[in-house]
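Visitor:
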Amino acid sequence: MKAYYSMFVQMKNRPCIVIGGGKVAERKIGRLLQVGAHLTVISPSITEQIRQWVDQQQIIWKEREYKRGDLEGYFLVIIATDQAEMNQLIYQEVNHQYQLVNVVDAPDLCTFIVPSTVTRGYLQISISTNGASPGLAKKIRQEIEDTFGEEYETYTLFLAEMREWILQQNLNARTRQYYFAKMLEDEILTRIKKGGKERVMDEIKQEIIQKRNV
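Residues 0 to 213, numbered by numbering that gives the first Met the number 0, are exactly what the sequence shown covers, in order.
1) Between LYS196 and LEU156, is the Cβ-Cβ spacing less than 9 Å?
2) If you draw a straight line from the alpha carbon of ALA159 to that of LEU166, how long is it in whole angstroms?
3) Does the Cβ-Cβ distance between SER42 and GLY19 come in under 9 Å?
4) Taking only runs that begin and end inside the stretch 33 to 121, name each unbroken beta strand (DSSP E) of 3 or more residues, in chain order.
5) Nearest CA to the CA of ILE203: which residue from PRO106, LYS193 and MET182?
6) Please tell me whether THR146 and ILE191 are closer than 9 Å, where the distance is taken between their beta carbons.
7) For GLY72, which residues in the same chain have their Cβ closer than 8 Å to its Cβ, ignoring the five residues on either side in sequence?
8) Would you kindly work out how many angstroms separate the C-alpha atoms of SER125 and LYS137, rounded to a whole number?
9) Sorted by chain position, which residues of the same chain lie with C-beta nearer than 6 Å to ALA214's C-beta, five sequence neighbours on each side aside?
10) Can you tell me where the alpha helix (DSSP H) with VAL199 in it begins and where it stops?
11) Determine the burial state of VAL17: buried for a count of at least 16 other Cβ atoms within 10 Å of its Cβ, exposed for fewer.
12) Going by the CB atoms, is the gap between LEU108 and VAL102 shorter than 9 Å?
13) Which residue or residues does DSSP assign as beta-bridge partners of VAL17?
14) How big is the Cα-Cα spacing for GLU25 and GLY194?
15) So what does DSSP say about GLN168, is it helix, strand or coil?
16) List the residues that DSSP assigns as beta-bridge partners of GLN123.
17) What distance in whole Å lies between the Cβ atoms of GLU150 and LEU188, which are believed to be in contact at a cut-off of 8 Å?
18) I believe SER132 touches ILE112 by the beta-carbon criterion, under 8 Å. Please report the beta-carbon distance rounded to the nearest angstrom.
This is how it looks when you write it as structure tokens:
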């Protein structure tokens, strides 16, 4: 079994190609669009959702079968046709020196795998069993989803905005660290759920301004 190195890759404006236009390809495309990748899809047919992305000019669609040379110049390659033999043939053309490749349902051919991920705003928690048990990864993901509910999307946005604001203030390091720690207290999340993000932000900002002016 392969061993994988966990990392997050900056994908904005990266040229990526997906071979295939079915439901699996749709799921892969959707996630790549969320992170700002530049996408080309090659497939004689596509799902309705992929067609919507094409109509919205979010992706480029080449309405045909794959042909040799199609992978040239792409940073990331996803091979997601419904034909295992075709996937194997396409994989043989990958330039392993500089291309990342994911072949659906063929982990031994992948140079990277996509972990099961829980996303709540800026918070991303990824779970992987190194391919040993996708079922276990799914089970753990569901448990994490129950622990970190939708409120964490607002909470991470609050943390990001407050951190940027605090760094712009003329505060000493000790004061900055105090408020960074304070914002991680459970009480802050409770206040956000009750009164809303903007209200809590205003309250903390006023507190900081008053102390700074003393």
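Each residue gets a CB set at the ideal place from its N, CA and C atoms; glycine is no exception.
On a predicted model such as this, the values are computed, not experimentally measured, just so you know.
Guide: Walking through what the data contain:
1) Mapped onto the sequence shown, residue 196 falls at position 197. Mapped onto the sequence shown, residue 156 falls at position 157. It is a contact, given that the beta carbons lie within the stated cut-off.
2) Numbered from its first residue, the sequence shown carries residue 159 at position 160. Numbered from its first residue, the sequence shown carries residue 166 at position 167. C-alpha separation (whole angstroms): 11 Å.
3) Within the sequence shown, residue 42 is the residue found at index 43, counting from 1. Within the sequence shown, residue 19 is the residue found at index 20, counting from 1. Yes, the Cβ-Cβ distance between SER42 and GLY19 is below 9 Å.
4) Fully enclosed beta strand (DSSP E) runs of 3 or longer: 37 to 41, 58 to 61, 75 to 78, 99 to 102 and 115 to 119.
5) Here the question's residue 203 lines up with position 204 in the sequence shown. Of the candidates PRO106, LYS193 and MET182, MET182 places its Cα closest to the Cα of ILE203.
6) Indexing the sequence shown from 1 puts residue 146 at position 147. Indexing the sequence shown from 1 puts residue 191 at position 192. For THR146 and ILE191, no; Cβs fall outside 9 Å.
7) In the sequence shown, the residue the question calls residue 72 occupies position 73. If the five residues before and after GLY72 are omitted, its C-beta is found closer than 8 Å to the C-beta atoms of PRO14, all from its own chain and listed in chain order.
8) Position 126 of the sequence shown, counted from the start, is the residue given in the question as residue 125. Position 138 of the sequence shown, counted from the start, is the residue given in the question as residue 137. Those two C-alpha atoms are separated by around 11 Å.
9) Since the first and last residues shown for the chain are 0 and 213, residue 214 lies out of range.
10) In the sequence shown, the residue the question calls residue 199 occupies position 200. Secondary structure note for VAL199: its alpha helix (DSSP H) is the uninterrupted segment 196 to 211.
11) Looking up residue 17 in the sequence shown gives position 18. Flag for VAL17 reads buried.
12) Position 103 of the sequence shown, counted from the first residue, corresponds to residue 102. Position 109 of the sequence shown, counted from the first residue, corresponds to residue 108. Contact annotation: VAL102 and LEU108 have beta-carbon atoms nearer than 9 Å.
13) Taking the first residue of the sequence shown as position 1, residue 17 is located at position 18. According to DSSP, which records beta bridges pairwise, VAL17 is partnered with VAL40 and ILE77.
14) Taking the sequence shown and counting its residues from 1, the one referred to as residue 25 is at position 26. Taking the sequence shown and counting its residues from 1, the one referred to as residue 194 is at position 195. Roughly 38 Å separates the two Cα atoms.
15) Indexing the sequence shown from 1 puts residue 168 at position 169. GLN168 falls in the coil class under three-state DSSP.
16) Indexing the sequence shown from 1 puts residue 123 at position 124. Answer is THR118, bridged to GLN123.
17) For the purposes of this step, residue 188 is identified with residue 189 of the sequence shown, where counting begins at 1. For the purposes of this step, residue 150 is identified with residue 151 of the sequence shown, where counting begins at 1. Indeed they touch by this definition, with Cβ atoms about 7 Å apart.
18) Taking the sequence shown and counting its residues from 1, the one referred to as residue 132 is at position 133. Taking the sequence shown and counting its residues from 1, the one referred to as residue 112 is at position 113. Between ILE112 and SER132 the Cβ distance is about 13 Å, and since that is not below 8 Å, they are no contact.
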